[in-house]
Structure formats: structure tokens, C-alpha cells
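2 protein chains.
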Amino acid sequence: MTPRTHTRSRGHERTARRTRGAILARAVDLASIEGLEGLTIGRLASDLGMSKSGLFGHFGSKEGLQLAAVDEAATRFASEVVQPALAKPEGEQRLRALCAGYIDYLERGVFAGGCFFGAASIEFDDRPGPVGDRLRDAIGAWVGYLEEQARVAGAADPKLVAFELQALGQGANSNFRLFGDPKTFARARAAIDAVIDAQIARKPRQASQRRSGRKGKSVRG
Amino acid sequence: MTPRTHTRSRGHERTARRTRGAILARAVDLASIEGLEGLTIGRLASDLGMSKSGLFGHFGSKEGLQLAAVDEAATRFASEVVQPALAKPEGEQRLRALCAGYIDYLERGVFAGGCFFGAASIEFDDRPGPVGDRLRDAIGAWVGYLEEQARVAGAADPKLVAFELQALGQGANSNFRLFGDPKTFARARAAIDAVIDAQIARKPRQASQRRSGRKGKSVRG
DNA sequence: CCTACCGATCGGTAGG
DNA sequence: CCTACCGATCGGTAGG
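Written out as C-alpha cells, the structure reads:
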């Protein structure tokens, strides 16, 4: 709350923020390729034509850079995958839109090395510390959201549905990265449709759930 | 074919082979945790109480060590997962046994850091070179074998079945590593059963396929 | 299999 | 934001 800036430093802050954004844009791409640990300060600095210590100053430590990269990736994931699906009504339609959005995001190549979280989570899956925690938070939020929508859609076992959908998405990512077969995406879409078709009950809603969401396809989103 | 060894060097070769085996046993565990690139010669040497250059001499380069580690992991995978399933008749039963064997192998913790290939494949998925190639070979052989058994079992789209089964297995691995929830394995088994139940046609075999394999459950394996 | 070393690069600091 | 530096560790080599 105390005003810490005056006219001159405010201009510095603006440029610093822009620099920081440029660093993070490159950092998430690099991390999606080389991993969050392979993301070295020296490499990142030379990529961006700046000095190591200049870059370092923005984050204070390598861990600070990694945390900022996870946050940047989560923001991008939210706007690329989650946000577009919010146009659909909750339940089956939104669940389908979330999964379709994820496969589209892989196919569009939003990150240079495939899904940022697919790469980073395997790298940090058995390392304690704040970076692993932040990754668990981000991935847990995604799986939890799939589960929530599966529950609204009336699935008998929403946790199972969420597990399957997340696994198929990750499988599409790693399969495409490893073998480069573009048919992977069609296979993933077919598998996702099959899971939702099989596990979402098409019965009328129970009395306790009285949200509007009709099940039929609406002509316009 | 030229005899290159005499009595004295043969004894040296025996001990060298034993040392090499001990190195690789530790190497695959370390690589399953830290990744194939994080597997450093210095760390591995100090873990085993030997000098860097002594260890180095067994493999000639870091790449040589990585290739040997992939081969060691593939051998272990074959004996832990594939070989036990060969007791079942080809087709649906063997397909089920392969998938069950994979989940069991995760649950038993055959490698200290979960599935060696799950970790290594994501690390090398966009790197050219012999290590990536060898990983693609090993993983491609596994997926190809699932596909073959799905085809024998009469699946309409064996490639799709193989993709789904492999993705669910990888999903179980990464989910368990990341969140440590032991229910993951039960979920993966349920998901695998659902895929096989849904996609393996229970029709009588076509005339062109005349292997014996009955579809009903036999009382004893 | 060892000791002793090489140049390169790592994360990070001092000082401006 | 920079130059100049630190100790540690990397993969790899020489020589025995």
C-alpha cells in the first residue's frame, strides 16, 4: 500500500515488465522442449541476447524462474483450452469441449515442444519442493475440472472418467511427440468420444440437480 | 571369430562384466528417477564407490551409457511384463495379461522412479540421435505387440485399442508418480477392462483366422 | 580399474 | 541492465 514508485522508476518498471514477459514467453517454449531443469539461465539469456545476470535479476533464483514459467504456462493453458469451453453449458457439452480443446491445443502446437505440463510433470513427479507443488496444483486443477464436469454430466464414476480423459490427452501428446504420427490426434478424439459416450448416463437429471443444460446439440454455441 | 582372449584376460572380462551389470542396475533406477540426461557419470560413480573414469571406460561415452541403460531397461521390461503374459493364449487373453502385467509392474515398483520408458521417452521425444531411436524402437515394439494381440482378438481398430491401452498405462504411471494415490492402479485396471470389453468383438472368428483361442474365461490359466 | 587433469557450463554474487 | 568473477560439476582425456 505504501507508494514505492515515483515517475522515473515507474518507467523502468514498465520496461522491466516487458522484458520479463519476453523472457517467460521464450522460457515456456524452451521448457516444453528441454524440460524445466534443462531450461538454463545461460541458454535462455543468450537466446534473448542479454546477459545471464541481467536475466537472473528478474527472478532471483533458478527456482524463481521455474515457478514463473509454470505460472505463465498455466495462464496460457487457461486461455487456450479452458476459456473457450466456457461457452458451452456445464456437463457433457463442456466436458467434450474441454477435451476437444486440449487436443486442438496439441495440434496447434501452442508450446514448441508439445504440452508444457506433460513434459514438466514427469520431470518433477518425484521431486519435493515448490516447483513440483505448483505443477501438481495446475494439473490437479485441470483433472479436477474434468471430474467436476463429468459429475454434472451424470457420470457414475467421475474420478474414473477424469483419469481416462487426462490419460488419453497425455497419451496423444507423448505419442505424437515420439512418433510424429498426425493420425494420433484422430485416434485420441475417437478414444475420448468413446469414453464420454460410454460413461455419461443419458438419463434425465435427478431432482436434486436442476441446472438448465439440455443434452441435445444446440445449433449455435 | 579370432580368439582375442587368453586365460588371464578372461578373468578380467568376467569381473568387468559383473561391474558393468552392477553399474547398469543402478543406472536404470537412477534414470527412472532423474531421467536419462540427469543420469550423470560422476553421480553414478560416487553412488557405486568407483572413479568416474573407471566407470566411463565401460561405455566410452555418455551416449554409450544411455544406450546400455535403455537396453537393460528393455530386457527387464520383457522379463517382468511381456514374458509372464506368454503363458496365455494369443488374442484377448494375452492382451489382458499384458495390460495387467504392466499395471502390476508399476505397482511392484520394478524401477525406483516408476516406468523407465515413461520418463525417458518424454525426455528424448524431440531429440534426434541413437538414444531416441532406441527408445522409439522399444516403445514401438510394446505398442505394436498390443496392436497385434488386439488384431488377433478381433478388434475392429487394433491401432486405436493399442493407443488407448498404452495411454492408460502411461497415465497410471504419471498419475501415481505425481499424486501418489494408490487408487490410481484400480482406476487404470477398470479403464483397461472397459476398453477391451468394448472394443474386442465377441463374435465367432472369421474363417480366415482359425487359431484355437476360446473367448470364455478358463478356470485355470 | 586409478589419479590428475582439461575446457565448458552450471547457478549465483559483487559491484557498478 | 552490464562486466567480471566465484566454486562446483559436467563429459571426457592422458597416462599409468
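Quick mapping for you: the protein sequence lines, in order, are chains A and B.
Per the working numbering, the first sequence starts with residue 1, numbered consecutively.
Per the working numbering, the second sequence starts with residue 222, numbered consecutively.
Think of the CB as a built atom: it goes at the ideal place given N, C-alpha and C, for glycine as much as any other residue.
Check the Cβ of A359(B) against every Cβ in chain A and list those closer than 9 angstroms, keeping chain order. Within chain A, no residue comes near A359(B); the closest Cβ sits about 11 angstroms away, beyond 9 angstroms.
Does DSSP classify T40(A) as helix, strand or coil? coil
Could you round the C-beta distance between C320(B) and I413(B) to whole angstroms and report it? I think they count as a contact, below 8 angstroms. 5 angstroms
Can you tell me whether G216(A) is helix, strand or coil according to DSSP? Note that G216(A) scores a pLDDT of 40, beneath 50, so its modelled location is shaky and nothing firm can be said.
Per DSSP, what kind of secondary structure is E90(A) in: helix, strand or coil? coil
Would you kindly check if the distance between the Cβ of V70(A) and the Cβ of R134(A) is under 9 angstroms? yes
Counted within 10 angstroms of its Cβ, other Cβ atoms place E255(B) as buried (16 or more) or exposed: Answer is buried; the Cβ neighbour count reaches 16.
Would you list, in sequence order, the uninterrupted beta strand (DSSP E) runs of no fewer than 3 residues that lie entirely inside the stretch 49-135 of chain A? none
Residues, ordered as in the chain, of the stretch 410-423 of chain B that lie near chain A by beta-carbon distance below 9 angstroms: Only A411, A412, A415, V416, A419, Q420 from the stretch 410-423 of chain B bring a Cβ to less than 9 angstroms from some Cβ of chain A.
Taking CB distances under 9 angstroms as the criterion, tell me whether T405(B) reaches chain A. Yes, contact with chain A.
Using the rule of at least 16 other Cβ atoms within 10 Å of the residue's Cβ for burial, across every protein chain shown, is S267(B) buried or exposed? exposed
Using only alpha-carbon positions, find the residue among P158(A), A156(A), A190(A) that is nearest to G171(A). A190(A)
Near-chain B residues of the stretch 43-75 of chain A (beta-carbon distance less than 9 angstroms), N- to C-terminal order: none
The alpha helix (DSSP H) spanning P158(A) covers which residue range? 158-179
Using only the alpha-carbon positions, how far apart do A68(A) and G38(A) sit? Going from the Cα of A68(A) to the Cα of G38(A) covers about 15 angstroms.
Beta carbons nearer than 8 angstroms to chain A: which residues of the stretch 326-341 of chain B have them? G334, G335, G339, A340
Coarse secondary structure for Q430(B), derived from DSSP in three states: Unreliable positioning characterises Q430(B) in this predicted model, as indicated by a pLDDT of 43, which lies under 50. The coordinate reading is nonetheless provided below. Q430(B): coil per DSSP, three-state reduction.
What residues of chain A sit near K380(B), judged by a beta carbon separation below 9 angstroms? K183, R187
CA-CA distance, F277(B) and A294(B)? 19 angstroms
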